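> The numbering of the sequence shown is my numbering, which starts it at 1 and goes up by one.
Sharing a structure here in structure tokens format.
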Amino acid sequence: TRLAYLDGWRGLSIALVLIGHFFPVPGINLGVLGVEFFFVLSGRLMGEILFIERFPLKKFFKRRFSRIYPALLVFVATAM
């Protein structure tokens, strides 16, 4: 299930990273803050999927692998 309010928080995280890259603020690293916040959101969502919805761990990693591995192959092929 997709939670709309979390999309807003993801957008904020992305905005912080972009602002940190393109409009740096002296003394405040907004990019790092955005990445850390994004990791917190990701951990929360993974925890919900695994523990609240009781999603089988093997199926979870299989699905995750099938989503990440093709992009990795494209990246590695492009880098070579």
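Note that beta-carbon positions come from the ideal geometry of N, C-alpha and C, so glycine has one too.
All values derive from a computational prediction rather than experimental measurement.
Would you give the residue range spanned by the alpha helix (DSSP H) that G11 belongs to?
Start and end: A4 to F22.
> When you compare only the Cα positions, how much space is there between H21 and G31?
Looking at the two C-alpha atoms, the distance is approximately 7 Å.
> Measuring straight from C-alpha to C-alpha, what distance separates K59 and E48?
For K59 and E48, the distance between alpha carbons rounds to 15 Å.
> Decide if L16 is buried, meaning its Cβ has at least 16 other Cβ atoms within 10 Å, or exposed.
The residue is buried, with at least 16 neighbouring Cβ atoms inside 10 Å.
> Let's test the definition: count the other Cβ atoms within 10 Å of the Cβ of G11 and tell me whether it reaches 16, buried, or not, exposed.
Label assigned to G11: exposed.
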